[in-house]
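Asks: Take the sequence shown: its position 4, counting from 1, is numbered -10 in our numbering, and each next residue is one higher.
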Amino acid sequence: MASIFTRIVNGEIPCYKIAETADYLAFLDVRPQAKGHTLCITKQEIDYIFDVDDDLYAGLWMFSKKVAGAVKKVVPCKRVCVVVIGDEVRHTHVHLLPFNSMADVTFSGSAKVSMSADEMSDLAAKIAAEVVL
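Structure representation (structure tokens):
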């Protein structure tokens, strides 16, 4: 069965898209731990990040770096951290999480921030406008 991220890539499930290339997709997390919490994924469904081909792996980090720069321009924060867990959705992905202190970087299983669909769309559009691929 296709992962939820593959279904997003295939257009079966909508997302708050930020950036896209032939190999990668970035979109806002629908259960954000912080405003601007973004997921960068490989379009190819690969369960474990360290099983990703070297070129695709390196490209994911370059793509994520560009998206993180855009997130930082739009969302006031000290830094944008990177978290790779990869267990809840078994499809290679990187979390980009704006934060101001280590207390902001926790994954409790539920969203820390509540945003309306309009707020999510607006934020995605603002970040997307800052991405230079």
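For glycine and all other residues, C-beta sits at the position ideal for the given N, C-alpha and C.
Less than 8 angstroms between the beta carbons of Leu109 and Ala20, yes or no?
Replies: Reading the sequence shown from its first residue, position 123 is the one you call residue 109. Reading the sequence shown from its first residue, position 34 is the one you call residue 20. No. Outside cutoff.
Asks: Check this for me: beta carbons of Thr(-8) and Leu119, under 8 angstroms apart or not?
Replies: Residue -8 sits at position 6 when you count from the first residue of the sequence shown. Residue 119 sits at position 133 when you count from the first residue of the sequence shown. No, they are not a contact pair.
Asks: To the nearest angstrom, how far is it from the Cα of Ala114 to the Cα of Val57?
Replies: In the sequence shown, the residue the question calls residue 114 occupies position 128. In the sequence shown, the residue the question calls residue 57 occupies position 71. Roughly 9 angstroms separates the two Cα atoms.
Asks: Closest by CA to Glu74, which one among Phe85, Ser87, Phe93, Met88?
Replies: If you number the sequence shown from 1, residue 74 lands on position 88. The residue with the shortest Cα to Cα distance from Glu74 is Phe93.
Asks: Going by the beta-carbon positions, is the gap between Tyr10 and Ser107 smaller than 8 angstroms?
Replies: As a first step, residue 10 is located in the sequence shown; it is residue number 24 there, counting from the start. As a first step, residue 107 is located in the sequence shown; it is residue number 121 there, counting from the start. For Tyr10 and Ser107, no; Cβs fall outside 8 angstroms.
Asks: Can you say whether Ile71 is buried or exposed, counting buried as having 16 or more other CB atoms within 10 angstroms of its CB?
Replies: Sequence index remark: in the sequence shown, residue 71 carries index 85 (1-based). It counts as exposed.
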